[in-house]
Each structure stands twice: as structure tokens, then as C-alpha cells.
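In this note's numbering, the protein residues as written are -10 to 122.
For glycine and all other residues, C-beta sits at the position ideal for the given N, C-alpha and C.
If you're wondering where the values come from, they're calculated on a predicted model, not measured in any experiment.
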């Protein structure tokens, strides 16, 4: 399911990118595509339970997040998981998260260079997280 959602968002992102318009939505769809690719890579897996430190199987991000103290938002918790378990994607995730935040809540006007950067970050995430077909 996560991969199907990731690919759907990726296709939407590519379509928007190809129009040469709506750079803010290229950035946003790149970020949300990356989230699904990352969640596919991170789950299901066994992690230390945030509540008691014992190993526990987590089937998805939501079940993991519910065990945290939730003082950090979901994106920060996911960033921590990426930093710890897929560190080669830490910069890409941070770039996507920051630019998406700005596109959604600060200013929707972005250059094609920034949307291309985010598209390429998403493609790098896909390369690492999607299984070879």
C-alpha cells in the first residue's frame, strides 16, 4: 500500500514538474512521495520501544509514533528514524521537509531550481527505499 501511494504521488509530482508550473506542488508531492517510500523502508521492523526500551515489532509508522511521548511532531520523529536507520537519506529528507513546509505555510513562489532539487531528492529516496523490480 505504501509503495502504491508513493508511486501515485511520484507520478503526480512528475506530471506537475512537466507542466513547468506549480513548483510549490512539485515540492509538496515530492515530499509526500518520499514519506511513503521511507515508511516502506522503515516498516515493518523491530525497534526499541520508546516507552520501555525493549525490542518490539512495529508494523507501521503510526504504531511507532503512538509509542513516543509525542512531544515532537511526526515529521521530527520520522527524521530521527531516517537519521538512525537510513542516514544516507538524512539530507534529502530534511531538504524535502523544509521546502515543503515553506511551500505550504510561508510562500508558494519557488524557482524551478528548487522544485528540481526536491524532485531529485525524492528520486534519491526512491532509489534507496524502493525494491528493485
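Check, Outcome
"For residue 34, is the classification buried or exposed, using 16 other Cβ atoms within 10 angstroms of its Cβ as the cut-off for buried?", "exposed"
"Just to confirm, is the Cβ distance from residue 114 to residue 81 under 7 angstroms?", "yes"
"Who are the near neighbours of residue 36 in its chain, counting only those whose CB is closer than 6 angstroms to its CB and skipping five residues on each side?", "47"
"Report the rounded CA-to-CA distance for residue 70 versus residue 0, giving the unit in angstroms.", "26 angstroms"
"Please identify the residue among 11, 116, -6 whose C-alpha is closest to the C-alpha of residue 123.", "No answer is possible for residue 123: it lies beyond the span of the chain, which begins at -10 and ends at 122."
"Pick helix, strand or coil for residue 61, following the three-state DSSP scheme.", "coil"
"What do you get for residue 88, buried or exposed, if any count of 16 or more other CB atoms within 10 angstroms of its CB means buried?", "buried"
"Kindly indicate which residue of 118, 67, 109 has the alpha-carbon position closest to the one of residue 3.", "109"
"What are the start and end residues of the beta strand (DSSP E) that includes residue 37?", "34 to 37"
"Using beta-carbon positions only, say whether residue 26 and residue 85 come within less than 7 angstroms of one another.", "no"
"Where residue 49 and residue -7 are concerned, what is the direct C-alpha to C-alpha distance, given to the nearest angstrom?", "15 angstroms"
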